[in-house]
Amino acid sequence: MECWFKNFFKSLKIGEIILIVAIVGVSIYVIVAPFFLPQFKSEILNLSYTEKRSKSLEKIIIIRKRINTFEDIIPIDCNSVIPVVYTKVISLKPLPVEQRKKKFIDIILPSILIKNFQIQKTREKLLKISKKLHSNKPLSEDEERFLENILAKYKANSLKELLTKVNTHPPSLVIAQAAIESGWGTSRFFVLANNVFGVWTFNKNQSINIKAKNSNAYLKVYKDILQSVNDYYYSINVSWAYSKFRLVRLKTDDPLKLSNYLDKYSILRDRYVKRIKRVIKDNNLKRFDTCKLNPFFVN
205 MECWFKNFFK SLKIGEIILI VAIVGVSIYV IVAPFFLPQF KSEILNLSYT
255 EKRSKSLEKI IIIRKRINTF EDIIPIDCNS VIPVVYTKVI SLKPLPVEQR
305 KKKFIDIILP SILIKNFQIQ KTREKLLKIS KKLHSNKPLS EDEERFLENI
355 LAKYKANSLK ELLTKVNTHP PSLVIAQAAI ESGWGTSRFF VLANNVFGVW
405 TFNKNQSINI KAKNSNAYLK VYKDILQSVN DYYYSINVSW AYSKFRLVRL
455 KTDDPLKLSN YLDKYSILRD RYVKRIKRVI KDNNLKRFDT CKLNPFFVN
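Residue numbers (the working numbering): 205 to 503.
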């Protein structure tokens, strides 16, 4: 038997040996990898081909998935959250209250963590640029172009102002606002338009045929949950209404303190702030502020 193996490998060309090694390596990976990712093993192997396709975005491998039944929602492990972005959701209204809340957080938390990761990476680049400028070191062409683009995107007049805008805040605060605006995933806006935060637009091309009463505003439609979260963060980070919020955010990451400066998010004003605090406290949402993306999906 040993001689047969020796003769067999001697007869092979280098290219054929490399191919065999590659096939064996991939086979071992497919068999072994799921055991190191128990959550990934139990959920991702059931995805269809179109759901398995992933897209690299800001150095994160993102999985896009439709929800047709409640079983399609991947449960989160706070220490290792899979970056799944849902492209189609269903109403969570039929579920018991506690289960509804859990499923809603399972749906939205991955997108929040993805967005926080992206913003933080941009912020890190800006801080490096700031350090170079303070040291009187010249910026590269790429750095100058990057800074120029981000200044325009965030409507900032200086790097100092930009660093107040390009920043993150605790997931608990975002979850609370999303829960309030979508009724914990029961609103028709959430189901029909992936619209988590009840956002309206005057651009009919960005909407579905749902118009606000006594207004020319239409319900804004999003291709997925992440796009809705993106829009929320952009509004908080750019709008004049949240300028005080952004300044306080530089000093604290306490969601209860930060919520005091979100009164302009709703016509309810102070009542809205109290509601945010109640949702955070009653549901112990602060426990999600330390959640992290699964490192397997982050380069």
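For every residue, glycine included, the Cβ atom is placed at its ideal position computed from N, Cα and C.
The structure displayed is predicted, hence computed values, not measured ones.
For T291, I'd like the list of residues in its chain whose CB is within less than 6 Å of its CB, leaving aside the five on either flank, ordered along the chain.
-> Answer for T291: R268, R270 and D428, listed in chain order.
Selected residue, minimal CA-CA separation from V403, among L460, K305, S439 and Q303 | The residue with the shortest Cα to Cα distance from V403 is S439.
With 16 other CB atoms within 10 Å as the buried threshold, where does W388 fall?
-> Answer is buried; the Cβ neighbour count reaches 16.
Whole-angstrom C-beta distance between V293 and N399, which should lie under 8 Å | That pair is no contact at about 10 Å.
Terminal residues of the beta strand (DSSP E) in which R507 lies = Residue 507 is absent from the model: the chain starts at 205 and stops at 503.
Is it right to say L454 is buried, meaning 16 or more other beta carbons lie within 10 angstroms of its own, or is it exposed?
-> It counts as exposed.
Using only alpha-carbon positions, find the residue among Y358, K364 and N409 that is nearest to L337.
-> It is K364 whose Cα lies nearest to the Cα of L337.
For the candidate residues L460, L330, I384 and K478, whose alpha-carbon lies nearest to that of D493?
-> Of L460, L330, I384 and K478, the residue nearest in Cα terms is L460.
Excluding sequence positions up to five away, which residues of its chain have a Cβ less than 6 Å from the Cβ of K259?
-> In this prediction, K259 has a pLDDT of 42, which is less than 50 and means its spatial position is unreliable; nothing more can be read from the coordinates.
Just list the alpha helix (DSSP H) runs in the stretch 288-361, keeping only unbroken ones of 4 residues or longer that don't cross its boundaries, in chain order.
-> Within the stretch 288-361, the complete alpha helix (DSSP H) runs of at least 4 residues are 301-338 and 345-357.
Ignore the nearest five residues each way along the sequence and tell me which others in I272's own chain have a CB closer than 6 Å to its CB.
-> Checking the displayed sequence, the identity of residue 272 turns out to be Asn instead of Ile. So no residue of the chain qualifies.
Find out if the Cβ-Cβ distance for the pair I277, K305 is shorter than 8 Å.
-> No, these two residues do not count as a Cβ contact at 8 Å.
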